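Colleague: Handing you this structure, nothing more for now.
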Amino acid sequence: MSRMLARRAGAELVALAMPVVIVAVMVAFFFNPAYVALEQDRAQADAWTGFTRDEVHTVTNSVLDQIYLGPPSFDQAVGGQPVFDLRERAHLADVRTVLLGLGLVTLIAAAILAVVGAASRGAGWYWRAVRRGATALALLIVAGGVLFAFAFDAMFDLFHRVFFAGGSYTFDPRTERLVQLFPAKFWTDTSIALAVVGLVLCLVVRRLAGRRATEPPDSRPVATPGSLSSSLEDAR
């Protein structure tokens, strides 16, 4: 009974941990200097800010460095003038806190997958739990994609309300650089790309886990003194 309960608990932990790891991979795939620079150019961040493209990329790369590595001063300047006001800096600090929190949760989730995977020796129930977690995230992505398609502004606001204090993430695109560096097109394009890549990752994980779950267990006997003696007697 206790073994069965432990297996069920392990399966539930794995099913919860797998989506966290997939989401972390999605975030890392997009929120890096290479992708951000490409999408900022597509969204014409230079036209919004009045900066050159090189200035846009220099400021943004510095912001990303401070988000991931610190220190979170966000005191970037162009032409001797600060890029962000105090509210914008506070929001960037909040973003850093959220991403660092995601990183910590991801480490815990990855540890759960590794420990339970090793303890289960890759048993079918482990891979079924992995597949279940990937399937659940895929369904959430599809549902979220439909909602974002029909009510992007409302869903974008709801997403921010989950992680940030109300009013701390609304800025004037006419005067504040943060939303000029990351215009609406940046976020619509990125949301679509995140959904597509996330769905592909989920389907790949689901397929691979499904294959592993249906593989026959390793039938090789474990060598023990007793089994070794029996084998020797049989050989005689």
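At position 90 of the sequence shown (counting the first as 1) the number is 89 in numbering that gives the first Met the number 0, and the numbers step up by one without a gap.
Heads up, the beta-carbon is just placed ideally off N, CA and C, and yes, glycines get one too.
No experiment lies behind these values; they were computed from the predicted model shown.
What does the Cβ neighbour count give for S190, buried or exposed, with the cut at 16 atoms within 10 Å?
Modeller: With 16 or more other Cβ atoms within 10 Å, it is buried.
Colleague: Could you give the residue range of the alpha helix (DSSP H) that holds R176?
Modeller: From DSSP, the alpha helix (DSSP H) with R176 extends over 176–180.
Colleague: Going by beta-carbon coordinates alone, are L103 and L177 separated by less than 9 Å?
Modeller: No, the pair does not count as a contact, with Cβ atoms beyond the cut-off.
Colleague: I need the boundaries of the alpha helix (DSSP H) containing D171, first residue and last residue.
Modeller: Neither: D171 is in no alpha helix (DSSP H) and is coded neither H nor E.
Colleague: Inspect the CB distances between the segment 68–86 and the segment 162–177 and report whether three or more fall short of 8 Å.
Modeller: With the cut-off at 8 Å, the segment 68–86 and the segment 162–177 touch.
Colleague: For V199, count neighbouring Cβ atoms within 10 angstroms of its own Cβ and tell me buried if that reaches 16, exposed if not.
Modeller: The residue in question, V199, is exposed, as its Cβ has fewer than 16 Cβ neighbours within 10 Å.
Colleague: Decide if the segment 124–140 is in contact with the segment 12–25; the criterion is three or more beta carbon pairs, one per stretch, under 8 Å apart.
Modeller: Short answer: they touch.
Colleague: Cβ of A14 within 9 Å of Cβ of A117?
Modeller: No, the Cβ-Cβ distance between A14 and A117 is not below 9 Å.
Colleague: Roughly how many angstroms lie between the CA atoms of F155 and F170, to the nearest whole one?
Modeller: F155 and F170: Cα-Cα distance of roughly 14 Å.
Colleague: Over what stretch of residues does the alpha helix (DSSP H) that includes G197 continue unbroken?
Modeller: It spans 183–213 - the alpha helix (DSSP H) in which G197 sits, taken as one unbroken run.
Colleague: In the DSSP assignment, find the unbroken alpha helix (DSSP H) run with R60 in it and report its ends.
Modeller: Position check: residue 60 holds Asn in this sequence, whereas Arg was assumed. First-last of the alpha helix (DSSP H) with N60: 52–67.
Colleague: Helix, strand or coil: which one does DSSP assign to V77?
Modeller: In the structure shown, V77 sits in a strand (DSSP, three-state: E or B).
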